[in-house]
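This report concerns only the one structure given below.
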Amino acid sequence: MKSKRYFGQWGGSYIPEVLHETFRQLEQAVAEIKSDPSFWQEYTSLMSTYSCRPTPLTHADNLSRHFGGAQIYIKREDLNHTGAHKANNVMGQGLLVKRMGKSRVIAETGAGQHGMATATMAAKFGFSCTIYMGEEDVLRQRPNVFWMEKMGATVVPVRDGSRTLKDAINEAFRDWVTNMDTTHYVFGTACGPAPFPDLVSWLQSIIGQEAREQILARHGRLPARVYACVGGGSNSLGLFSGFLSEPGVELVGVEAGGRGLNSGQHASRLCGQDASPGIAQGYKTMFLQNADGQMLDTHSVSAGLDYIGVSPILADYWEKKRVRFEAATDDEVIGALDLTMKKEGIIPALESAHAFVQAFKEAPQLSPEDAVIINMSGRGDKDIFTIAEAFDDPSWKEFIIQRAAIYSKKKA
């Protein structure tokens with residue numbers, strides 16, 4: 006089936022016939038909630054009492070002085086319940102699931118934040134929950150797996166392919182095909198077949214709405230530039246939505262440059278030269294793929310950014326040159342993370358630190374009268390194993406060795 010839900014030439018709904026009725030019902034339900042003001046009122050009320058919204062806009066005065074250019078502000082999505090912007094999407098979809106009368110949710114996750122947020126939502130609303138996660142990401146994000154399981158979710162490690170996010174998505178679709186009567190697939194980002202890109206970006210627009218009001222109240226005028234990391238694209242679309250109609254505000258998306266754009270080990274679709282138009286996982290966008298259309302392996306220090314595709318909405322903005330795309334390497338990300346911790350006492354997620362990299366490069370070029378906003382999409386404590394390894398921290402290594410020895414002794 007191919008629907009008319011395109012963003013320029015991107016998007017659509019390329020799904021098997023067996024899912025046609027499920028998607029028809031979903032599209033109808035999404036249209037109903039978007040036209041019902043009471044849904045948004047219920048959603049914002051829930052987020053204000055369960056997820057700390059509105060999240061603050063923090064003036065990073067130490068970093069601003071350090072770089073000597075624009076005033077740097079940080080939109081604190083890390084302060085959402087479960088520690089990331091993912092809560093905005095899943096709680097909204099939870100309310101949608103209640104209206105649709107389904108009892109089970111499934112999801113895929115890379116960095117684990119979407120899986121943890123979905124498990125949280127399922128526990129609150131009383132849904133059964135299954136989370137698909139690439140085996141590689143299970144190893145990288147074990148703390149989030151621990152919390153998902155403790156909240157009652159079943160976490161299924163996916164051992165196909167590169168054992169990362171794209172493989173988890175494929176497995177989640179296989180589940181949905183056989184359980185569609187009772188199950189809703191809580192898509193984690195603004196990708197996939199329609200209506201998911203539209204639904205997810207709409208729920209995440211709460212970030213941009215708040216950021217616009219907050220920067221006007223704090224700085225007295227709109228920012229010169231706003232920065233957000235780009236994996237699938239949900240946090241960036243959320244922030245950008247508040248400034249899309251302002252041509253004077255430059256929108257900057259930062260992809261995972263991995264070990265460099267010429268290394269073949271990255272996840273840059275719109276900034277690099279390795280992606281091409283394709284149709285996979287139910288939609289058309291720019292994918293990292295070879296000439297035969299086979300998906301390439303990706304690499305990033307951040308599990309949440311190493312996805313082979315990108316939101317069709319962002320692909321459209323890229324083509325129209327409304328959003329500028331850049332890439333940050335793994336080494337640059339660790340450097341920006343280190344500086345932010347030491348200057349501001351704030352620990353960005355590795356995903357979010359990509360946006361910090363580009364803002365730090367460009368803030369000195371601007372006037373102190375200007376402002377920039379960085380979307381801190383999540384908190385970095387989930388990445389402690391990866392970060393400790395990057396810093397080659399001897400104390401942490403010793404701690405892990407001691408804990409392993411204790412567990413080995415108990416097991417024996």
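In our numbering, the protein residues as written are 6 to 417.
Beta carbons are placed, not taken as given, at the ideal position from N, Cα and C, and that holds for glycine.
The straight-line gap separating the alpha-carbon atoms of F201 and T125 is approximately 20 Å. The Cβ atoms of G309 and E260 lie no closer than 9 Å to each other. Put simply, the backbone Cα of C196 is about 12 Å away from that of Y11. Here L62 is buried, its C-beta having at least 16 other C-beta atoms within 10 Å.
A straight-line Cα-Cα distance of about 30 Å links G73 and D388.
The shortest CA-to-CA distance from T334 to any of D186, I352, K289 and N267 is the one to N267. Taking one beta carbon from each stretch, the stretch 108-127 and the stretch 140-158 have 3 or more pairs nearer than 8 Å; the two touch.
Of the residues assessed, K325 falls on the exposed side of the cut-off, its CB having fewer than 16 other CB atoms within 10 angstroms.
Per the C-alpha coordinates, the member of S56, Q76, A89 and G97 positioned closest to I38 is G97. Three or more beta-carbon pairs separated by less than 8 Å are not found between the stretch 391-403 and the stretch 161-179, which leaves the two stretches without contact. DSSP places M346 within a helical segment (H, G or I) once states are collapsed to three. Closest in alpha carbon position to K80, among V231, M52 and H86, is V231. Beta bridge pairing from DSSP links W15 with F12. Comparing alpha-carbon positions, the option among A395, I77 and E218 lying closest to V338 turns out to be A395. Within the same chain, G139, V163, D165 and G166 come within 6 Å of D172 by CB-CB distance, once the 5 residues on both sides are set aside.
Unbroken beta strand (DSSP E) stretches of 3 residues or longer found wholly inside the stretch 155-216: 159-163 and 188-190, given in chain order. DSSP places Y312 outside any beta strand (DSSP E), giving it a letter other than H or E. In the structure shown, the three-state DSSP call for E337 is helix. Non-local C-beta neighbours of R109 in its own chain, meaning closer than 8 Å and more than five positions away in sequence, comprise F132, S133, C134, T135, N184, T187, T188 and H189, ordered along the chain.
In this structure V35 is in contact with L204, their Cβ atoms being roughly 5 Å apart against a cut-off of 8 Å. Counted as a single uninterrupted DSSP element, the alpha helix (DSSP H) harbouring E32 occupies residues H25 to K39.
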